[in-house]
Amino acid sequence: MDEESAAGLLVAFAGLAGREIGAAEARAAVLRARSLTPSTLNAIWAQHRRAPRTVPLRDYLALTLRFVEQGPPGDGPGA
Numbered sequence: 481m482d483e484e485s486a487a488g489l490l491v492a493f494a495g496l497a498g499r500e501i502g503a504a505e506a507r508a509a510v511l512r513a514r515s516l517t518p519s520t521l522n523a524i525w526a527q528h529r530r531a532p533r534t535v536p537l538r539d540y541l542a543l544t545l546r547f548v549e550q551g552p553p554g555d556g557p558g559a
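Numbering (my numbering), first residue to last: 481 to 559.
Laid out in structure tokens, this is it:
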């Protein structure tokens, strides 16, 4: 997914979460998503499971974008 489409999707996800973000924040979350390592993703997910309200919105959106971009199980290479 290109950066502009991803940013638009994150604006919509933030709205669904009851938060409004601008284009600059959405782009920052896209950049964050692109830079997350698997261990950081796991740490964010673990924190979200324990205490969702403690996860920064940018991390939550980045995690969500990575999840969406991954697609359903079995769709990747070698499936």
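Even for Gly, the Cβ is constructed at its ideal location relative to N, Cα and C.
Run of the alpha helix (DSSP H) containing residue i, from where it starts to where it stops
i, result
"LEU490", "483 to 496"
"ARG501", "Reading the sequence as shown, one finds Ile at residue 501 and not Arg. Counting along the chain, ILE501 falls outside any alpha helix (DSSP H), and DSSP gives it neither H nor E."
"VAL548", "537 to 550"
Within 8 Å, strictly: CB atoms of residue i and residue j
i, j, result
"LEU490", "ALA504", "no"
"LEU537", "ALA513", "no"
"GLU500", "ALA494", "yes"
"GLN527", "THR517", "no"
Three-way DSSP call (helix, strand, coil) for residue i in this model
i, result
"PRO518", "helix"
"PRO532", "helix"
Rounded Cβ spacing between residue i and residue j (contact assumed at less than 8 Å)
i, j, result
"LEU543", "LEU521", "6 Å"
"ALA523", "ARG507", "Contact doesn't hold; Cβ gap of about 23 Å is too wide."
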